[in-house]
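So the sequence shown is numbered by numbering that gives the first Met the number 0: it starts at 0 and just counts up by one. Here the structure comes first, spelled out in structure tokens, and everything after it is commentary.
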Amino acid sequence: MMPQQRRDRICEVCAAHHVLIAEDNPYGLLGFEGQTARAVGADDENVVYLGSASKMFTPGLRVGWTVAPDSLATILGLQSEAAALNPSVFAQEVVAGCLEKYDWRSVRDEYRVLYGKWAQALMDAFDEHMPDGVTWTRPEGGFYSWITLPQDVDSYDLCMKGIDKGVEIFTTTLKKAMNA
Ligand SMILES: Cc1ncc(COP(=O)(O)O)c(C=O)c1O
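Shown next as structure tokens:
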């Protein structure tokens, strides 16, 4: 859901510094109001686009796809083989069958509404329970809200407390804390 202007700027900066962009986009079709963000990879060749069947069919199949510059095709294929030898043929057949036999666009529309309801429930809970000093993004699509904690809250400690309560929290500072 990132605004186009910001997408353009990211492409400019990455091109200037010869940085390849990985566009990890399993939620791109899931705009709550029916909107689909245009893929960065559609306008820029400096992108490895990653799609997944996880969000449109079901998680756990581990079937996805890549659109990448030709020069990377061989190395990506080798990397994939090194990681999994061969992705599950059964899972790929399930996804192929769904694409062929079901109206995936109407499924997408149902999921947009469903994800929107979940996001609203999350926002309502944040509004009710979050302490002062915490801010968060209100998603227009997809699966994530980014939370900003006050400077004096250690997100690593928070992660550990979350695990004790059965809640998983991703934090941008976790790796730093674990390496320390
Ligand atoms: C941003 C993001 N990328 C990739 C994935 C993984 O998708 P897959 O199930 O195809 O491995 C997820 C899963 O939740 C995700 O949130």
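Where a beta carbon is used, it is the ideal one built from N, C-alpha and C, also for glycine. Model, not experiment: these values are computed from the prediction.
Which residues share a DSSP beta bridge with residue i?
{"i": "L49", "result": "D23, T65"}
{"i": "T147", "result": "T134"}
{"i": "G30", "result": "G140"}
Pull up the distance between the alpha-carbon of residue i and that of residue j, whole angstroms please.
{"i": "T170", "j": "T57", "result": "25 angstroms"}
{"i": "V152", "j": "E99", "result": "49 angstroms"}
{"i": "F31", "j": "K54", "result": "14 angstroms"}
{"i": "D108", "j": "G33", "result": "7 angstroms"}
{"i": "G27", "j": "D163", "result": "32 angstroms"}
{"i": "E139", "j": "R111", "result": "10 angstroms"}
{"i": "D123", "j": "P130", "result": "13 angstroms"}
{"i": "L50", "j": "T65", "result": "The residue asked about is misnamed: residue 50 is Gly in this sequence, not Leu. The straight-line gap from Cα to Cα measures roughly 6 angstroms."}
{"i": "L75", "j": "N85", "result": "13 angstroms"}
{"i": "A83", "j": "L77", "result": "10 angstroms"}
{"i": "A14", "j": "P68", "result": "14 angstroms"}
Might you give, ordered along the chain, the residues of its own chain that have their beta carbon closer than 7 angstroms to the beta carbon of residue i, omitting 5 neighbours on each side?
{"i": "I146", "result": "V133, W135"}
{"i": "L180", "result": "Because residue 180 is not part of the residues shown, which for the chain are 0 to 179, the question remains open."}
{"i": "I168", "result": "L157, C158, G161"}
{"i": "A38", "result": "E22, N24, G27, Y48"}
{"i": "A52", "result": "L60, V62, G63, V94"}
Identify, in the order they occur along the chain, each residue of the same chain with its Cβ nearer than 6 angstroms to the Cβ of residue i, setting aside the five sequence neighbours on each side.
{"i": "D43", "result": "C10"}
Let me make sure I understand the geometry here. Which of the options has the alpha-carbon closest to that of residue i?
{"i": "G141", "options": "D123, L113, I168", "result": "L113"}
{"i": "Q91", "options": "G63, Q78, L71", "result": "G63"}
{"i": "L60", "options": "S87, S70, P130", "result": "S87"}
{"i": "Q3", "options": "G40, A52, L19", "result": "G40"}
{"i": "V18", "options": "A36, G115, V46, E80", "result": "V46"}
Between residue i and the rest of its own chain, which residues show a CB-CB distance below 8 angstroms, the 5 nearest in sequence each way excluded?
{"i": "D7", "result": "none"}
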